[in-house]
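What follows is a short report on a single structure.
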Amino acid sequence: MNQQEYSAIRSEILAWVQALAHAGWLSREDVEPFAGLDDTSPGTLFDGSIHRPLVIGFFGGTGVGKSSLLNRLAGAAIARVGVERPTSREVSLYAHESVRLDRFPPDLPLDRIRLAHHHNDTLRRLVWIDMPDIDSTETANRELALRWIPHIDLLIYVVSPERYRDDCGWAMLMEQRGTHAWAFVMNQWDHGDPVQIQDFLALLKNSGFAEPYLFRTQCASDDGTPAAADDFASLERLIEELADKHLVDQIESQALACRTRRLQTCLAVVKARLEQRSAWDAQRGSWEAQWNEVATELKQGLAWVTQRAAEEFLAGRLKSLAPPESAADGDGPPVNAVWDPWAQQRWEDVLAGLTVDADDRKLPRLPLQQALAPLATGASATVGRRVEERLRCALSRPGNRLQRVLYRLCRIASLLLPLGAAGWVTFNVVTFYYRSSTEHLGYLGVDFAVHSALLIILAWLLPYLSYRALKPSAERAALRGIRAGLDAGLDEIGTGVSRSLEQLGRRSEQLAETASEWLKSCEIPGDDRIIGDSRIARLLPGR
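One rule links them: number in the working numbering = place in the sequence shown (from 1) + 839.
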């Protein structure tokens, strides 16, 4: 991976995590580490068509002699020192006249940059940067130094025997140690003690530098003449060696690898944050168990409401159960004849409890609230629609199937049996009349007439009474339909919540898979992990 590819991937990942944060899947704390990932490199200051020089920056606190050391390395008084500039308030760049430095990023204040050129060909491959003091009391000075650090290959951390344990400098070192090559200089060595060198080395080793470059210098005089024997020649020789193109490329490659690892670390945290499918499934199971109890409570609490709705519907005072009505306060979600304000409030309380339970499980709140919002306001419409359907279905087919069959049979029997009895009586009357007229027998008497009338009446009365008894009750049918609709509506809204939790779990799983794909795209090739030169290894901290 090169710098351009890293910048593109970083921009895409940053846009992705910001979108997730906006959607509520990530918190601000999850996204903040990505904002600290910089894709700036020293190469952005130069034209990529030519081999760029090594960019060296001097880093340290006030009064440690950074500018004096720079003057001695450059062989000229290019940095102001002493009383003239007790603290740095600007960035000074010192480069060969052949080096063009005109591609400064827009976030760098150009009015606080001092650029100087020289004609010394031996320093052609070097660009020196003298930065403001990191421990300056002026916030603007510290911010300026921090802005320039990403543009530096080799940071020379300059300390003095009195200030090598500076807390501000160490905090900066620990934060930026992996993205740059580091060399360490204890300046003003004529005031130091060998014990301090050993103590400083121990501090560096504890910070991850197994075998750091640590030089002793004395650069107090304005003309650059050392006042005591020191390691200046070794420092100068190291800088000349590092200016080689191959080593510059290695330094840049290792810095890029470090930034990539930091990006991977941030992505791994996001991936772990998104891997919540099991938590969503547990949330869904808990909801389904809780909803069974709440649904029973709602049905019991709405028993008298359903009874009243059935009576009003049959009386014609209620034309429909589905159209919503305004809540009592006029501001809440709509209610209807079978879903009153109490039921709506109980439903909202259950959903609020679900959100609290999700918080306890460390699940994102905003996606859950967005998924539950339509269900919270649409419960009355859903229940009303299902009640309306089941009510009309129940009224169109009242009673059970056996009752309806017997009811129809009794109705038919109440018509056919009296007719059959009357036909039988008529047949007997005609038959006896014929025999009486031909054989001179007696005619039928009053007894026959009474019994015939009783037979016809009973043939009609018994099936008619059964017909009346078997007639389905419209009130019972309406009540049964409303209750069946209420059951169906409650099942639907409860299932809707379960379905939303299932979808959120799948979405979480998909986002975690996307994070895994981003991690794969950020994998560092094996060649980039190997430090090919021991000098580079000494400049970088252990991982």
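The beta carbon of each residue, even a glycine, is placed where N, CA and C say it ideally should be. Source: prediction; values computed, not measured.
Taking its Cβ as the centre, do 16 or more other Cβ atoms sit within 10 Å of residue i, making it buried, or is it exposed?
i            : result
residue 1084 : exposed
residue 1232 : exposed
residue 1135 : exposed
residue 904  : buried
residue 997  : buried
residue 923  : Interpretation of residue 923 is limited by its pLDDT of 41, a score under 50 that renders its predicted location unreliable; the figure taken from the coordinates is listed afterwards. Exposed, by the Cβ-count rule.
residue 1050 : exposed
residue 842  : buried
residue 1023 : buried
residue 1241 : exposed
residue 1077 : buried
residue 953  : exposed
residue 1026 : buried
residue 847  : exposed
residue 1280 : exposed
residue 1321 : buried
residue 1289 : exposed
residue 1033 : exposed
residue 1227 : buried
residue 909  : buried
residue 980  : buried
residue 845  : buried
residue 907  : buried
residue 1124 : exposed
residue 1347 : buried
residue 1262 : exposed
Suppose the cutoff is 7 Å on Cβ atoms and the five residues either side in sequence are ignored; what does the same chain contact list for residue i look like?
i            : result
residue 1070 : 1054, 1055, 1056
residue 1120 : 1344
residue 849  : 876, 878, 1102
residue 1169 : Below a pLDDT of 50, predicted positions are generally treated as unreliable, and residue 1169, at 49, falls in that range; no measurement from the model is reported.
residue 1306 : 1246, 1249, 1250, 1253
residue 1377 : 1050, 1051, 1052
residue 1208 : 1194
residue 1037 : none
residue 1278 : none
Quick check: residue i and residue j, are their CB atoms within less than 8 Å of each other?
i            : j            : result
residue 1193 : residue 1332 : no
residue 1100 : residue 1137 : no
residue 1202 : residue 1122 : yes
residue 1095 : residue 1361 : no
residue 971  : residue 955  : no
residue 994  : residue 1021 : yes
residue 1205 : residue 1336 : no
residue 899  : residue 973  : yes
residue 1133 : residue 1354 : no
residue 1106 : residue 1351 : no
residue 1080 : residue 1074 : no
residue 1295 : residue 1264 : yes
residue 957  : residue 936  : yes
residue 940  : residue 853  : no
residue 1427 : residue 964  : The structure shown does not extend to residue 1427, since the chain is modelled only from 840 to 1382, so the question has no answer here.
Smallest Cα separation from residue i: which of the options?
i            : options                : result
residue 961  : 1028, 861, 1217, 1082  : 1082
residue 1323 : 1141, 1268, 947        : 1141
residue 934  : 949, 1076, 1326, 915   : 915
residue 948  : 1348, 1200, 963, 987   : 987
residue 1319 : 1111, 872, 1225        : 1225
residue 1176 : 1189, 907, 1144        : 1144
residue 1303 : 1256, 945, 853, 891    : 1256
residue 1341 : 1298, 1116, 1295       : 1116
residue 1130 : 1189, 1244, 1216, 1073 : 1189
residue 1298 : 885, 944, 866, 1258    : 1258
residue 1219 : 951, 1187, 907         : 1187
residue 1014 : 855, 1339, 872         : 872
residue 1358 : 1316, 1011, 1111       : 1111
residue 1196 : 1139, 1260, 1146, 1126 : 1126
residue 1334 : 1128, 1035, 989, 1118  : 1128
Sorted by chain position, which residues of the same chain lie with C-beta nearer than 8 Å to residue i's C-beta, five sequence neighbours on each side aside?
i            : result
residue 991  : 881, 894, 895, 896, 968, 1019
residue 1267 : 1283, 1287, 1291
residue 1091 : 842, 880, 881, 882, 992
To which residues of the same chain is residue i closer than 6 Å at the C-beta, ignoring the five residues directly before and after it?
i            : result
residue 860  : 870
residue 1222 : 1178, 1328
residue 1150 : none
residue 1061 : The pLDDT assigned to residue 1061 is 49, lower than 50, so where the model puts this residue is not dependable; a value taken from the coordinates is nonetheless given after this. If we look at residue 1061 and ignore the five residues flanking it on each side, it has no Cβ neighbours.
residue 921  : Model confidence at residue 921 stands at a pLDDT of 45, short of 50, so the residue's coordinates are unreliable and nothing is read from them.
Any heavy atom of the ligand SAM inside 7 Å of the beta-carbon of residue i?
i           : result
residue 860 : Absence of the ligand SAM from the depicted structure is noted, as is the absence of any ligand whatsoever, leaving it without description.
Which runs of the beta strand (DSSP E), 3 residues or longer, sit entirely within the stretch 1064–1088?
none
Please give me, in chain order, every unbroken run of the alpha helix (DSSP H) with length at least 4 that falls completely inside the stretch 963–1011.
978–987
Can you list, in chain order, the stretches of the alpha helix (DSSP H) that have 4 or more residues and sit fully within the stretch 1174–1259?
The stretch 1174–1259 contains these whole alpha helix (DSSP H) runs: 1180–1199, 1204–1235.
Going residue by residue through the stretch 1116–1160, where are the continuous alpha helix (DSSP H) segments of at least 4 residues, counting only ones entirely within it?
1116–1140, 1142–1154
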